[in-house]
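The sequence shown begins at 1 in this note's numbering and counts up one residue at a time.
Think of the CB as a built atom: it goes at the ideal place given N, C-alpha and C, for glycine as much as any other residue.
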Amino acid sequence: MILNTGARTDTVQYYSEWLLRRFKEGYVYTRNPLFPHKVTLYELAPDKIDAVLFCSKNYAPVLPRLHEITDKYRTYFHYTVTAYGKDIEPGVPSVDESIETLIRLERIVGRERIAWRYDPVLLTKDYTVGRHLETFARMAERLAPHIDRCIFSFVEMYKKLEVNMPEIIPLTPADRDKIAAGLGGIAAKYGIRLQTCGTNSDWSRYGIHPSGCATLEIIGRANGCEFGDIKHKGLREGCHCIESRDIGAYDTCPNGCKYCYANKSPQKALENYKLHDPASPLLLGGIGEDDVIIRGNQKSFLKSRTRQMSLFDGNA
């Protein structure tokens with residue numbers, strides 16, 4: 001099983017104590033966002049977890065104790081560093097602070113385990129195409145020696161954006177083409193492998209690789225292990241990543257990013273943050289009388305283990 005710690009909330013930045021405690025105690029509960037009384041139990045023993053995926057905008061809080069996880073588990077880290085300031089990402093450190101933290105992370109885990117995420121790319125009157133390319137170039141020059149690759153995506157114009165970010169300017173096909181061409185050229189200049197996320201669009205003419213930012217090939221190469229030949233189902237349309245199990249919760253990230261898909265509103269997230277108990281096996285709240293706890297399916301993707309299961313099932 002691939003364990004995902006950061007798709008629903010910035011666990012590393014705001015819930016590091018809880019996360020480290022869960023690994024120490026060897027299990028975690030996660031509540032189904034569609035069926036709130038359905039709670040899944042995952043065992044966190046190293047032989048039950050193929051790899052731990054991280055995604056955060058600030059790894060500083062966890063760095064002093066990150067070895068408690070990296071010493072025992074295969075890992076891969078997505079680090080989001082964008083061009084935006086406090087006007088769009090209120091709770092996120094500055095670009096310079098983020099770059100320094102990423103470099104510190106690289107000293108601990110190695111560049112082959114770090115992907116720089118420059119997403120979502122969106123436009124406002126202040127964040128123009130030109131500003132994106134200028135900032136991306138400055139960041140690429142500093143980050144190139146410390147990352148495995150860079151991943152970008154264009155913002156999805158879902159309905160919440162109309163309320164949370166009325167200043168956004170819809171991207172035109174010409175905007176997308178100009179941005180892709182610019183990012184591709186800059187990435188090539190600094191020797192960065194650039195790829196998309198969550199799209200089937202083809203930008204290969206600009207040297208940009210297709211989507212698939214958490215594939216078994218990427219995770220395996222970064223950790224020196226081999227996975228079975230398993231088709232990647234993806235998490236949504238255009239996604240080519242391996243399926244993973246997320247232990248976070250929606251509406252719990254206090255970063256306050258205006259474009260966030262995981263929060264209904266910054267106010268709701270802050271309210272829920274106050275309900276967090278670091279000692280609880282759930283990220284938010286505790287187990288209630290009406291909750292039903294089930295054991296999660298923790299199928300391994302490792303080649304040696306998938307081979308063993310095939311022999312056991314008589315399918316080899």
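Residue i (DSSP reduced to helix, strand or coil)
i: tryptophan 18; result: helix
i: tyrosine 206; result: helix
i: serine 310; result: Any reading at serine 310 must be qualified, since the residue scores a pLDDT of 41, below 50, and its modelled position is unreliable; no value is offered.
i: phenylalanine 227; result: strand
i: leucine 319; result: A query on residue 319 cannot be resolved here, the shown segment of the chain reaching from 1 to 316 and no further.
i: leucine 34; result: coil
i: isoleucine 147; result: coil
i: valine 12; result: helix
i: valine 155; result: coil
i: leucine 3; result: strand
i: leucine 216; result: helix
i: leucine 183; result: helix
i: leucine 63; result: helix
Cβ distance (whole Å) where residue i is taken to contact residue j below 8 Å
i: tyrosine 79; j: leucine 102; result: 5 Å
i: isoleucine 151; j: alanine 115; result: 6 Å
i: glycine 228; j: lysine 299; result: So it is not a contact: roughly 10 Å between Cβ atoms.
i: phenylalanine 77; j: phenylalanine 54; result: 5 Å
i: arginine 8; j: alanine 249; result: 6 Å
i: tyrosine 318; j: glutamate 134; result: Nothing in the structure corresponds to residue 318, since the chain is present only between 1 and 316.
i: asparagine 255; j: glutamate 68; result: The pair is not a contact, with the Cβ atoms about 24 Å apart (cut-off 8 Å).
Nonlocal neighbours in the same chain, by C-beta distance under 8 Å from residue i, ignoring five residues either side
i: valine 129; result: Leu123, Asp175, Lys178, Ile179, Gly182
i: tyrosine 27; result: Leu41, Tyr42, Glu43, Leu44, Pro281
Same chain only: Cβ atoms within 7 Å of residue i, ignoring 5 sequence neighbours per side
i: leucine 66; result: Ile108
i: glycine 296; result: Thr40, Leu41, Tyr42, Arg245
i: glycine 286; result: Asp277, Ser280
Span of the alpha helix (DSSP H) around residue i
i: valine 163; result: 160-164
Endpoints, the beta strand (DSSP E) within which residue i is located
i: alanine 51; result: 51-56
i: arginine 131; result: Segment 129-143 is the alpha helix (DSSP H) holding arginine 131; no beta strand (DSSP E) there.
i: tyrosine 29; result: 27-31
i: glutamate 43; result: 38-43
i: glycine 192; result: Reading the sequence as shown, one finds isoleucine at residue 192 and not glycine. It is not in any beta strand (DSSP E) - isoleucine 192 carries neither H nor E in the DSSP assignment.
Close beta carbons around residue i, own chain, < 6 Å, minus the five adjacent residues each side
i: tryptophan 203; result: Ala180
i: glycine 6; result: Phe54, Cys55, Ser56
i: valine 62; result: Val12, Ser16
Closer than 7 Å: residue i CB and nearest the ligand ADP heavy atom
i: alanine 60; result: With respect to small molecules bound, the structure shown includes none, and the ligand ADP cannot be examined in it.
Minimum length 3: unbroken beta strand (DSSP E) runs contained in the segment 66-119: 75-80
Entirely within the segment 231-309 and at least 4 residues each: give me those alpha helix (DSSP H) ranges in chain order. 266-273
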